[in-house]
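What follows is one structure encoded as structure tokens, with my remarks underneath.
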Amino acid sequence: MGFQKILVAIDNSQLTPSVFEQGLGLALFARGSLMLLHCLSNDLVGEPMVPVTVELGLYPGIIDSSYDTWHSHYQKQRSQGQAILRHYCE
51 MGFQKILVAI
61 DNSQLTPSVF
71 EQGLGLALFA
81 RGSLMLLHCL
91 SNDLVGEPMV
101 PVTVELGLYP
111 GIIDSSYDTW
121 HSHYQKQRSQ
131 GQAILRHYCE
């Protein structure tokens, strides 16, 4: 009896195709299931600026702009991750 559930973590690295192929081969050989995982980390998307009061010298417009920039970057990284997952699912 082999592995029945295989979890393969994928990202944009050069090793991803090899890791995927090994996981897929193992799942096929064992007649198990394969699940793909892609995570967004703070290293990729950063952290949104924490709301700060005006007394500390930051105005709401600056905070909103900072959050909008972060959110845009987050959405871009999320879309890229979903595209990677779609590619390997196909």
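With the sequence shown counted from 1, adding 50 to any position gets you the numbering used here.
Built from N, CA and C at the ideal position, the CB exists for glycine as well.
Keep in mind the model is a prediction, meaning the values are calculated, not measured.
### Message
In the DSSP output, which residue or residues are listed as bridge partners for S83?
### Response
Here the question's residue 83 lines up with position 33 in the sequence shown. Answer is K55.
- Message: Just verifying my parser: in three-state terms, what is the DSSP assignment at E140?
- Response: To locate residue 140, count along the sequence shown from 1; it is residue 90. E140: coil per DSSP, three-state reduction.
| Who are the Cβ neighbours of M85 in its own chain at under 6 Å, not counting the five residues just before and after it? | The sequence position of residue 85 within the sequence shown is 35, counting from 1. The residues are L57.
Pairwise C-alpha distance: C139 and K55
Taking the first residue of the sequence shown as position 1, residue 55 is located at position 5. Taking the first residue of the sequence shown as position 1, residue 139 is located at position 89. The straight-line gap from Cα to Cα measures roughly 16 Å.
Close beta carbons around S37, own chain, < 8 Å, minus the five adjacent residues each side | The requested residue 37 is not part of the displayed model; the chain covers only 51 to 140.
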